[in-house]
Amino acid sequence: MKKLSPIFKILLIPFSFLYGLVVALRNLLFDFNILSVSEFKIPIISVGNITVGGTGKTPHIEYLITLLKDDYKIATLSRGYKRKSKGFIIADQNTNSSQIGDEPAQIKKKFPEIIVSVDRKRVNGVKNLLSSEHGNELNAVLLDDAYQHRYLKPGLSILLIDYNHPITRDFILPFGRLRESANEKDRANIIIVSKSPKKTTPIDRRIFVKELDLLPYQTLYFSCLDYGNLQSVFKKDAVNLTNVDWEKDNFSILLVTGIANPQPLKEYLDDFSDIIEEIQFPDHYSFTQKDINLIREKFDNLEGENKIIITTEKDAMRLHDMQIETDIIRKNLFFVPLRIKFMNEDKSLFDNQILNYVRKNRRSSNLHNIETDSI
């Protein structure tokens, strides 16, 4: 993405001030109960951020799913960003990314046993989940990207902060990357510093603790990205990469991404290939046949005898749903699964906090304190 000139950025400051005022006023209306808030007597965990760009919400949601799914009946509820449908939808095995969005589609594919739902209006979404055929057995709901959706009050709110973009050193949009003031971090019960270096030092931790100035009820954890083994997007047609010695074979890579920040993946792949060509699309990009033609052309012109196309797990959902007919792409298109790992003792502490919350707040009745149906 092209960087803005310093002069142009300065011109954005008044707009950031006005935007910040509007957001602050909205938050005050909620703080003083002028805008109504709905709560549910079921464990609801919200995962979100206050910055634009990727902080790793989906892999953290998937971590929570893995932690809870064996002992509890859980559902995820997302907005379904850039989907072509409207209203409330519960996904099944035939639901694709155009119907529910790429991230919910990814979750449903990886965890077919859980309930995956979408609704822009989160209060309406939870109501529909509880009144659905799954409602009586539902033990917990995971809200994806709902930190700013204050009409619904979660029982546990998790705020993600990118290690490389601390909110305490950032500014309100459009001058900076913040959707709201950094002070709104105080609404979170848990703060996770995501995308941390795998060798985060005690000094690094102390710097974040000092800058964030945590409140007594808040806990801080650090997580890092962890990439899995390559998987084919079109399994039936894929070339066999089992036991490939990357260093020996020296594959050339065409990296195709439609995410907010592909740099961490690029840095990871740098260890496996000296030749990496990139095609970058905007976040949550909807691929077209013209784009497929471009990918084919770039792949044909890529240097080296051994070459493959690598994309992200989210992009793989959308590319798979296109039903690409070009054999050379179907055979050579792979994605890198993304997971998160907690640093050191943070894993056991985080796991226990989540499990204790869900266990102690197991649902005793249906709804309470519902004040609005339309928000």
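The opening position of the sequence shown corresponds to residue 672 in my numbering, with each subsequent residue numbered one higher. Every residue, glycine too, gets a C-beta built ideally from N, C-alpha and C.
DSSP beta-bridge partners of Leu1004: Ile980
Where Arg750 falls, given that 16 or more other Cβ within 10 Å makes a residue buried: buried
Cβ pair Ile946, Arg967 closer than 8 Å: no
Other residues of its chain near Glu851: CB distance less than 6 Å, five sequence neighbours each side excluded: Val694 and Ile721
CB-CB length for Val927 against Phe1005, believed under 8 Å: At roughly 10 Å, the Cβ-Cβ gap does not stay under 8 Å, so Val927 and Phe1005 are not in contact.
Spatial distance of Asp815 from Lys969 (CA atoms): 35 Å
Contact under 8 Å by Cβ, Gln960 with Pro933: no
Entirely enclosed beta strand (DSSP E) segments - the region 939-980, minimum 3 residues: 947-951
Beta-ladder partner(s) of Val718, from DSSP: Asp815 and Ile829
Rounded distance between the beta-carbons of Leu823 and Val797, thought under 8 Å: 7 Å
Segments of 3+ residues assigned as beta strand (DSSP E) that fall wholly inside the region 709-780: 715-719 and 745-749
Nearest candidate by alpha-carbon position, reference Val864, set Asn810, Lys728 and Arg754: Lys728
Nearest residue (CA-CA) to Glu938, options Ile681, Ser802, Ile745 and Pro868: Pro868
Asn1032 to Asp998 span [Cα, whole Å]: 51 Å
Of the listed residues Cys895, Ile1011, Ala859 and Phe679, nearest to Leu885 (C-alpha basis): Ala859
Neighbour-count burial assignment, Arg1030, 16 or more Cβ in a 10 Å radius: exposed
Helix, strand or coil at Leu823 [DSSP, three-state]: strand
DSSP state of Ile843 mapped onto helix, strand, coil: strand
Whole-Å CB distance - Ile980 paired with Leu925, under 8 Å assumed: 5 Å
Residue nearest to Cys895 in terms of C-alpha spacing, selected from Ile930, Leu700, Leu844 and Pro730: Pro730
Segment limits, alpha helix (DSSP H) that includes Ser1019: Asp1017 to Lys1031
Burial state of Ile681 (16 or more Cβ within 10 Å): exposed
Ordered list of beta strand (DSSP E) runs contained in the region 779-808, each at least 3 residues: 786-789
Beta strand (DSSP E) segment containing Thr922, residue limits: The sequence given here places Phe at residue 922; Thr does not occur at that position. Here Phe922 belongs to no beta strand (DSSP E), and DSSP marks it neither H nor E.
Cβ neighbour criterion (16 or more within 10 Å) applied to Thr747: buried
Local conformation of Ser865 per DSSP, three classes: strand
Residue from Ile930, Ser923, Ile786 and Leu990 whose Cα sits closest to the Cα of Glu948: Ser923
Element boundaries [alpha helix (DSSP H), containing Lys1012]: Per DSSP, Lys1012 belongs to no alpha helix (DSSP H); it is in the beta strand (DSSP E), Leu1009 to Phe1013.
Cutoff 8 Å; reference Ala853; Cβ partners in own chain excluding five residues on either side: Ile721, Ile838, Thr839 and Asp841
Whole-angstrom C-beta distance between Gly929 and Asp986, which should lie under 8 Å: 5 Å
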